[in-house]
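Just so you know, we're using the UniProt record's numbering here: the sequence shown kicks off at 1 and counts up by one.
Beta carbons are placed, not taken as given, at the ideal position from N, Cα and C, and that holds for glycine.
Computed from a prediction, not measured in an experiment: that's the story for all the values here.
To start, the structure itself, in structure tokens.
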Amino acid sequence: MTVAPSGPEVTAVGVVGAGGISRVHVDAWHRLGLDVVVFSIDGRAGEVAASVGGRAVDSLDDLLAAVQVVDVCVPTYEHPAVVAAAAAAGRHVVCEKPLAVTHDAAADMISRCAAAGVQLYPGQVVRYFPQNAVAKAAVDAGRIGSPAVLRLTRRGAAPAAPWFADPALSGGVIVDQMIHDIDYARWIAGEVETVWASVAGGDFSSQQVASVVLGHENGTLSQLTGGWGGPDQVFTTSLSLAGSAGLIEHTTRGRDPVQWETVQVDDHRGALLPDADPAFSPYLFELAEFLAAFRGGPTPRVTAADSLAALDVALAATASAARGEAVDVKRFLG
Numbered sequence: 001m002t003v004a005p006s007g008p009e010v011t012a013v014g015v016v017g018a019g020g021i022s023r024v025h026v027d028a029w030h031r032l033g034l035d036v037v038v039f040s041i042d043g044r045a046g047e048v049a050a051s052v053g054g055r056a057v058d059s060l061d062d063l064l065a066a067v068q069v070v071d072v073c074v075p076t077y078e079h080p081a082v083v084a085a086a087a088a089a090g091r092h093v094v095c096e097k098p099l100a101v102t103h104d105a106a107a108d109m110i111s112r113c114a115a116a117g118v119q120l121y122p123g124q125v126v127r128y129f130p131q132n133a134v135a136k137a138a139v140d141a142g143r144i145g146s147p148a149v150l151r152l153t154r155r156g157a158a159p160a161a162p163w164f165a166d167p168a169l170s171g172g173v174i175v176d177q178m179i180h181d182i183d184y185a186r187w188i189a190g191e192v193e194t195v196w197a198s199v200a201g202g203d204f205s206s207q208q209v210a211s212v213v214l215g216h217e218n219g220t221l222s223q224l225t226g227g228w229g230g231p232d233q234v235f236t237t238s239l240s241l242a243g244s245a246g247l248i249e250h251t252t253r254g255r256d257p258v259q260w261e262t263v264q265v266d267d268h269r270g271a272l273l274p275d276a277d278p279a280f281s282p283y284l285f286e287l288a289e290f291l292a293a294f295r296g297g298p299t300p301r302v303t304a305a306d307s308l309a310a311l312d313v314a315l316a317a318t319a320s321a322a323r324g325e326a327v328d329v330k331r332f333l334g
């Protein structure tokens, strides 16, 4: 499927925000050949823009007047207002995950963009990491048979910005961090029917570990573990996809390649992917897909509807942790 181009040719992107992720996006857009304009209320826009020879502007209105695409890299609780302004101006939108901290806010963002005839894509970048993408392709090719149990882990230092400590602003560790693996599990195994979760830890902003179990409609189980640790916590992820005919595994510990093996009598096994080039940027590939869609190319591998579905599961998981019981996702959404 391709998306019909709308509006003027895409030659410039406006990045709203000047935090860590905005710098990654600015570099990727520059490498894709777009003029980069940056706006931020914290006074750092000039520094971020200068890193790629772009320019800073003094207001969101100035940014909207200068670009065809808006890349939203502000704190989560500010996403809805910026996306609404971009849609009203007729600008395509990239928005970091999660789209919002509530279902209604995220759904409204999607509706506004659709009504304005502009495209909206979410920053669910895990689908673009080489180990995750090649594992998905292997599952689709039937190399492990029918998926049965998925195990995904993700742990890193707690975000330093104080607003992450307020669940009303960030959504908490499940919504903010584990939405990556919720989206990936849904990509592999389909829609989620039930969810059970627990969260352990003291101070909300650090040393939190969450466990989430997803029951997919097709019978697959996904066991997810996430966590925000102390400032010295090394960022690590792992995946294990077990099926009726084999197993795929990967861990960032030791930079092992993606491994797969089957349960056939010949004990066939091997590496699906060698160690990744350190210069490889999944963010570059993600934004390249979005840019191609803005220019009339194929629909990207992740859509705003996918991100909303992952948010709904994350919100149901957060409710499960608070209630201490399993939650039916559809009933939770009402």
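Subject >> Segments of 4+ residues assigned as alpha helix (DSSP H) that fall wholly inside the stretch 200-237 >> reply: Fully enclosed alpha helix (DSSP H) runs of 4 or longer: not present.
Original post:
How about Leu120 and Ala85: do their beta carbons lie closer than 7 Å?
Top reply: No, the Cβ-Cβ distance between Leu120 and Ala85 is not below 7 Å.
Subject >> Buried versus exposed, by CB contacts within 10 Å (16 or more), Lys97 >> reply: Lys97 comes out buried.
Subject >> Other residues of its chain near residue 341: CB distance less than 7 Å, five sequence neighbours each side excluded >> reply: Missing from the structure shown is residue 341; the chain here goes from 1 to 334 and no further.
**OP:** Would you list the residues sitting across from residue 342 in a DSSP beta bridge?
**Re:** Given that the chain is displayed from residue 1 to residue 334, the structure contains no residue 342 and the question cannot be resolved.
Subject >> Rounded Cβ spacing between Gly229 and Ala157 (contact assumed at less than 8 Å) >> reply: 6 Å
Original post:
Which one of Leu333, Ala292, Gly123 has the shortest CA to CA distance from Gly33?
Top reply: Ala292
Subject >> Other residues of its chain near Glu217: CB distance less than 7 Å, five sequence neighbours each side excluded >> reply: Gly190, Glu191, Glu193
Original post:
Helix or strand or just coil, what does DSSP make of Arg301?
Top reply: coil
**OP:** Within its chain, find whatever has a CB closer than 8 Å to the CB of Phe235; leave out the 5 residues flanking it on each side and keep chain order.
**Re:** Arg155, Gly156, Ala157, Thr252
Original post:
Of the choices Leu287, Gly296, Val173, whose alpha-carbon is the least far from that of residue 335?
Top reply: In the structure displayed, the chain extends from 1 to 334; residue 335 sits before or after that span and is not available.
Original post:
From Val83 to Ala245, what distance separates their C-alpha atoms?
Top reply: 44 Å
Original post:
Relative to the C-alpha of Gly227, which residue among Leu64, Val67, Arg151, Gln208 is closest?
Top reply: The candidate whose alpha carbon is nearest that of Gly227 is Gln208.
**OP:** Identify whether Ile144 lies in helix, strand or coil by the three-state DSSP scheme.
**Re:** The three-state reading of DSSP puts Ile144 in coil, since its state is none of H, G, I, E or B.
Original post:
When you compare only the Cα positions, how much space is there between Trp196 and Phe39?
Top reply: 40 Å
Original post:
For Ile179, which residues of its own chain have a beta-carbon under 7 Å away from its beta-carbon, when the five flanking residues on both sides are left out?
Top reply: The beta carbon of Ile179 sits closer than 7 Å to those of Lys97, Pro98, Ala310, Leu311, Ala314, all from its chain and outside the five residues before and after it, given in chain order.
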